[in-house]
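Colleague: Pasting a structure here, questions to come.
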Amino acid sequence: SEKGLVLGQGFGINSLGQIVGEAYVESGLTHGFLATPTGTLNWSASSGAWDNPDNWDSGLGFTPNKLLPAVIDPSKGDIVVDGPASDAVIHSLKLGGGDGTVVLNLNAVNLDVINKLNLYSNAELNIFTGKTLTNTGVLTNQGVINSSGSVSNQGTLDNQNTLNNLAGGSLSNAAGKTV
Numbered sequence: 054s055e056k057g058l059v060l061g062q063g064f065g066i067n068s069l070g071q072i073v074g075e076a077y078v079e080s081g082l083t084h085g086f087l088a089t090p091t092g093t094l095n096w097s098a099s100s101g102a103w104d105n106p107d108n109w110d111s112g113l114g115f116t117p118n119k120l121l122p123a124v125i126d127p128s129k130g131d132i133v134v135d136g137p138a139s140d141a142v143i144h145s146l147k148l149g150g151g152d153g154t155v156v157l158n159l160n161a162v163n164l165d166v167i168n169k170l171n172l173y174s175n176a177e178l179n180i181f182t183g184k185t186l187t188n189t190g191v192l193t194n195q196g197v198i199n200s201s202g203s204v205s206n207q208g209t210l211d212n213q214n215t216l217n218n219l220a221g222g223s224l225s226n227a228a229g230k231t232v
């Protein structure tokens, strides 16, 4: 009986960190494989641009995406993050939790969070005019959300602190969803 796959070579890596390649079994049959990364992307800079892969600890040249949870924890001091610079769909995001403060400015794009968005008491999320934060999972806010853009809740929004709907801002809640 065959014992299992032996990975041969990788042919490419995509922006999500997935690697495609070929593998072999004892009999010599070739099979394709898709390896998907696991773990968490942690912010590793003092402040800066979301889209700079050097600001994240993956070491593989990618930024938060729909496969990996992301954490911006200000344990080494205050952090201000600008971005992302283009529309993004991410797995989940934890803002705050360390000793400093963290501010995430959505000033250029729309951000869709498909699982969890947790803002701790030392976190601030700023959504600027014309931009949308879409929550399809669970958004727990213990910090501050300032929105002159749009917050679209298609999941559960648990607001335990401050959600400022500023001039021009909107909050929409999908039918049957919880605020």
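Numbering (our numbering), first residue to last: 54 to 232.
For glycine and all other residues, C-beta sits at the position ideal for the given N, C-alpha and C.
All values reported here derive from a predicted model rather than from experimental measurement.
What's the C-alpha gap between L82 and N214?
Modeller: Each residue's alpha carbon lies about 58 angstroms from the other.
Colleague: Going by DSSP in three states, D126 sits in which element: helix, strand or coil?
Modeller: D126: coil per DSSP, three-state reduction.
Colleague: Take every Cβ of the segment 93–106, pair it with every Cβ of the segment 54–63, and state whether three or more of those distances are shorter than 8 angstroms.
Modeller: The segment 93–106, when compared against the segment 54–63, does not touch it at the 8 angstroms Cβ threshold.
Colleague: To the nearest angstrom, how far is it from the Cα of A220 to the Cα of K129?
Modeller: Distance between the alpha carbons of A220 and K129 is about 34 angstroms.
Colleague: How is the beta strand (DSSP E) around V162 delimited, first residue to last?
Modeller: Counting along the chain, V162 falls outside any beta strand (DSSP E), and DSSP gives it neither H nor E.
Colleague: Excluding the 5 residues flanking T189 on each side, which residues of the same chain have their C-beta closer than 6 angstroms to its C-beta?
Modeller: Here the set comprises I167, Q207, G208.
Colleague: Give the single residue among D131, V142, N67, N218 whose Cα lies nearest to the Cα of F115.
Modeller: When each option's Cα is compared against that of F115, the closest is N67.
Colleague: Hey, out of L94, G63, S97, whose CA is closest to F86's CA?
Modeller: Of the candidates L94, G63, S97, the one whose C-alpha sits nearest the C-alpha of F86 is G63.
Colleague: Using three-state DSSP, classify D211 as helix, strand or coil.
Modeller: Looking at D211 - three-state DSSP - the assignment turns out to be strand.
Colleague: Here's the rule: buried if 16 or more other CB atoms are within 10 angstroms of the residue's CB, otherwise exposed. What is D126?
Modeller: Label assigned to D126: buried.
Colleague: CB-CB under 6 angstroms to P117, same chain, minus the five flanking residues each way: which ones, in chain order?
Modeller: Answer for P117: L94, A123, I143, listed in chain order.
Colleague: Taking only the alpha-carbon atoms, compute the straight-line gap between S225 and G183 and give it to the nearest angstrom.
Modeller: One C-alpha to the other measures close to 14 angstroms.
Colleague: Contact defined as beta carbons within less than 8 angstroms: I believe L51 pairs with L210. What is the distance between those atoms, to the nearest angstrom?
Modeller: Residue 51 is absent from the model: the chain starts at 54 and stops at 232.
Colleague: Of the residues L69, A88, G70, which one's Cα is nearest the Cα of A76?
Modeller: Comparing Cα positions, the closest option is A88.
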